[in-house]
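The structure under discussion appears below in the form of structure tokens.
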Amino acid sequence: MEPQGTEEWSTASAFVTSTFRVLHRNGRPVGCETIGEKIYSSPCGLGWRFAMAFDTSEPEVDIFFDADQAREKLTGHSVNVSVELMSEDNVEIDRSGVEDISITSPVRIKSLSPADIAAHPHLSFKVTIPFVKRISMPSDAPEHVLHRTLLNSLDGSAFVDTKFVVFTRRLPDGRVVSPRALFAHSVLLKAKSKYFDTLLGDNGFLESEVADLGEEVREGMLLEAGEYDYESDSDIDEDNGTDDGDDAPDGVPRATGMSDNDKTPEASLVQPLQDSTHYQGQKGRVVVIKDVAFKTMRALLFYAYTGEIKFLPLGSVKPTSGLTSLNAVLAPQYVPSCSPKSMYRLADKLGMEDLEKLALHAIRSSLDEHNIVPEIFSGFTSRFKKVKDMEMGILCDHFNSSLVSSALTEMSKNLDHEGLQQFTQFLISLYARVSIRR
């Protein structure tokens with residue numbers, strides 16, 4: 001489940017509304033491949049979560065409310081939950097609710113059939129938690145931080161106090177060029193990650209300094225080959241006009257149609273950010289980013305402000321695979337798009353677990369028997385245990401597929417002696433996991 005937008009807090013009647021999108025394959029939620037295994041949302045409201053699971057009894061898709069982590073804050077309050085199944089046009093299709101539910105363990109609040117989800121692929125679950133008694137809402141809720149910042153700007157405080165210099169393009173010789181500027185407010189970023197608290201503080205990194213925000217970004221500024229810490233990044237444009245970075249494993253062509261179409265509307269909405277003259281004379285912190293592409297950083301800042309993000313499909317996805325990413329389909333055109341791999345890497349670095357989970361779910365939704373083998377052997381997967389474990393699970397799901405068998409055979413043909421030994425160990429581990437499942 002992917003959060004849609006930010007939560008709606010109401011202190012007048014004391015309720016919180018959380019909205020989610022569901023990634024699915026033919027109506028079966030992504031992540032629910034194992035019967036009965038729950039997939040959880042990131043914490044919402046005062047710490048509660050929502051979950052989904054797939055079982056063999058109709059209707060097969062179950063939705064749960066789990067308030068265990070919010071138990072102390074909810075003690076003494078009567079809790080009831082309502083669920084609205086919404087269409088792509090925000091029209092209510094079905095509503096159900098449960099009152100006075102347990103706050104110690106997950107409670108099933110609704111069940112749907114895969115046909116319900118497949119018939120309305122552009123849908124979201126809207127869950128509202130009303131309270132009989134008024135409770136105090138946390139002052140660090142995302143909306144509260146944003147509202148305070150906006151209020152301060154009305155009183156004369158600058159809404160922009162930070163400039164990021166981020167690179168957009170890589171030359172064939174490996175040098176990274178064409179820097180662009182992104183502007184932000186440090187308070188909103190610090191509320192999202194301790195990393196920004198350090199980076200934008202008085203004792204920040206060497207890449208961060210107080211300077212004139214209106215100073216133009218030098219067009220000739222570049223990073224030598226090796227200075228850009230992320231060698232294969234599909235969010236940085238290649239000078240030859242292709243984006244064959246980390247999202248497209250070696251030998252796997254980038255999908256045509258989906259990625260290009262996703263980029264086209266956004267490109268028409270992006271305005272040049274090089275003109276900094278209206279910040280002339282305004283002091284702020286200027287940070288040169290050496291390991292994140294412009295597209296990824298822009299999507300991150302937008303997410304920090306709004307809670308919305310749009311992920312492009314993996315480059316290895318075939319247009320005919322039938323995989324459905326509601327995130328890519330439903331996200332408004334103005335939401336900046338980025339590679340889920342590039343964002344996962346950045347979210348992991350920043351310690352933003354909610355964003356990391358969203359990126360991981362987006363990666364998972366792009367995997368099937370057609371591309372799981374090259375993806376699991378990619379350099380990206382080797383860096384992150386959670387990604388590798390998730391992909392191993394998907395590989396086990398498709399273990400008997402002829403496509404997977406052929407891909408593994410082809411993979412082994414191009415290995416040297418050392419690589420073949422590692423491949424053998426991988427197969428032993430794979431067979432062991434498959435045997436346990438059986």
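If you're matching positions, the sequence shown starts at 1 in UniProt numbering and goes up one per residue.
Glycine residues also receive a C-beta, built at the ideal position from the N, C-alpha and C atoms.
Between V107, I236, S18, S113, which lies nearest to V166 when the distance is taken from Cα to Cα? Here residue 166 refers to the residue found at position 166 when the sequence shown is read from its first residue. Ranking V107, I236, S18, S113 by Cα distance to V166 puts I236 first.
Rounded to a whole number of angstroms, what is the C-alpha to C-alpha distance between A67 and M52? Stepping through the sequence shown from its first residue, residue 67 is reached at position 67. Stepping through the sequence shown from its first residue, residue 52 is reached at position 52. Taking the straight line joining both Cα atoms gives about 14 Å.
Tell me the DSSP secondary structure of M52 in three-state form. Counting from one through the sequence shown, the residue named residue 52 turns up at place 52. Of the three classes helix, strand and coil, the one that applies to M52 here is strand, per DSSP.
Do you know offhand how far V317's Cα is from V107's? Looking up residue 317 in the sequence shown gives position 317. Looking up residue 107 in the sequence shown gives position 107. Looking at the two C-alpha atoms, the distance is approximately 36 Å.
DSSP state of L200, grouped into three classes? Walking along the sequence shown from the start, residue 200 turns up at place 200. Three-state DSSP puts L200 in coil, outside helix and strand.
The region 410-423 contacting the region 381-394, beta-carbon criterion three pairs below 8 Å: Not touching, per the Cβ criterion.
By the three-class DSSP mapping on this structure, what secondary structure does K283 have? Within the sequence shown, the letter at position 283 stands for residue 283. DSSP places K283 in strand when its eight states are reduced to three.
Using the Cα positions of A362 and E216, report the straight-line distance between them to the nearest angstrom. Residue numbering aside, residue 362 sits at position 362 when the sequence shown is read from its first letter. Residue numbering aside, residue 216 sits at position 216 when the sequence shown is read from its first letter. The alpha-carbon atoms of A362 and E216 are separated by roughly 36 Å.
Please name the residue in E353, R148, D161, A118 whose C-alpha comes closest to that of C44. As a position in the sequence shown, residue 44 is number 44, starting the count at 1. Cα-wise, what sits closest to C44 is E353.
I'd like to check one pair, V187 with residue 440: are the Cβ atoms closer than 8 Å? Only positions 1 to 438 of the chain appear in this structure, which leaves residue 440 out of reach.
I'd like to know whether the C-beta atoms of V160 and A184 end up nearer to each other than 8 Å. For the purposes of this step, residue 160 is taken as the residue at position 160 of the sequence shown. For the purposes of this step, residue 184 is taken as the residue at position 184 of the sequence shown. When the beta-carbon positions are compared, V160 and A184 come within less than 8 Å of each other.
Enclosing beta strand (DSSP E) for T162 [first to last residue]: Start at 1 with the first residue of the sequence shown, and residue 162 comes out as number 162. Per DSSP, T162 is one residue of the beta strand (DSSP E) stretching across 162-170.
7 Å CB neighbourhood of L403 in its chain, flanking five on each side removed: Taking the sequence shown and counting its residues from 1, one reaches residue 403 at position 403. Excluding positions up to five away in sequence, the list reads E369, H370.
According to DSSP, is F423 part of a helix, a strand, or is it coil? Against the sequence shown, residue 423 aligns to sequence position 423. Note: F423 maps to helix in three-state DSSP.
Whole-angstrom distance between L358 and L312, CA atom to CA atom: Locating residue 312 in the sequence shown gives position 312, where the first residue counts as 1. Locating residue 358 in the sequence shown gives position 358, where the first residue counts as 1. If you take the alpha carbons of L312 and L358, they lie about 12 Å apart.
Can you list, in chain order, the residues of its chain with a C-beta nearer than 8 Å to that of Q425? Leave out the 5 residues immediately preceding and following it. If you number the sequence shown from 1, residue 425 lands on position 425. Apart from the 5 residues on each side of it in sequence, Q425 has no Cβ closer than 8 Å to any other Cβ in its chain.
Cβ-based burial, I109 [other Cβ within 10 Å; buried from 16]: Position 109 of the sequence shown holds residue 109. Per the 10 Å Cβ criterion, buried.
Kindly provide the ranges of any alpha helix (DSSP H) runs that are 4 or more residues long and lie completely inside the region 345-404, ordered along the chain. For the region 345-404, the continuous alpha helix (DSSP H) assignments of 4+ residues that do not extend past its boundaries occur at 353-365, 372-376, 379-383, 385-397, in sequence order.
To the nearest whole angstrom, what separates the beta carbons of G47 and A118, a pair I think is in contact under 8 Å? Taking the sequence shown and counting its residues from 1, one reaches residue 47 at position 47. Taking the sequence shown and counting its residues from 1, one reaches residue 118 at position 118. Not a contact, Cβ separation roughly 32 Å.
Beta-carbon proximity list for Q69, same chain, < 6 Å, skipping 5 on both sides: Counting from 1 along the sequence shown, the entry for residue 69 is found at position 69. The answer, listed in chain order, is G47.
Would you list the residues sitting across from V288 in a DSSP beta bridge? Looking up residue 288 in the sequence shown gives position 288. DSSP output for V288 lists V165 as bridge partner(s).
Helix, strand or coil for D68, going by three-state DSSP, please let me know. By one-based count along the sequence shown, residue 68 stands at place 68. DSSP places D68 in helix when its eight states are reduced to three.
Once the 5 residues before and after D197 are set aside, which same chain residues still bring their CB inside 7 Å of it? Within the sequence shown, the letter at position 197 stands for residue 197. Excluding positions up to five away in sequence, the list reads K190.
Please tell me whether V287 and T168 are closer than 8 Å, where the distance is taken between their beta carbons. For this step, residue 287 is matched to residue 287 along the sequence shown. For this step, residue 168 is matched to residue 168 along the sequence shown. Cβ distance not < 8 Å, so V287 and T168 don't count as in contact.
Write down the C-beta distance between E58 and S113 rounded to the nearest angstrom, noting that I regard them as a contact closer than 8 Å. Here residue 58 refers to the residue found at position 58 of the sequence shown. Here residue 113 refers to the residue found at position 113 of the sequence shown. Yes, E58 and S113 are in contact; Cβ-Cβ is about 6 Å, under 8 Å.
By the three-class DSSP mapping on this structure, what secondary structure does I109 have? Residue 109 sits at position 109 when you count from the first residue of the sequence shown. DSSP places I109 within a strand segment (E or B) once states are collapsed to three.
Please classify residue 443 as buried or exposed, where buried requires at least 16 other C-beta atoms within 10 Å of its C-beta. No answer is possible for residue 443: the residues shown for the chain start at 1 and end at 438.
Supposed contact pair L314 and S366 - C-beta distance, whole angstroms, cut 8 Å: The residue you call residue 366 lines up with position 366 of the sequence shown. The residue you call residue 314 lines up with position 314 of the sequence shown. About 4 Å separates the beta carbons of S366 and L314, which is inside the 8 Å limit, making them a contact pair.
DSSP three-state call for S337: helix, strand or coil? Along the sequence shown, one-based indexing puts residue 337 at 337. Under the three-state reduction of DSSP output, S337 falls in the strand class.
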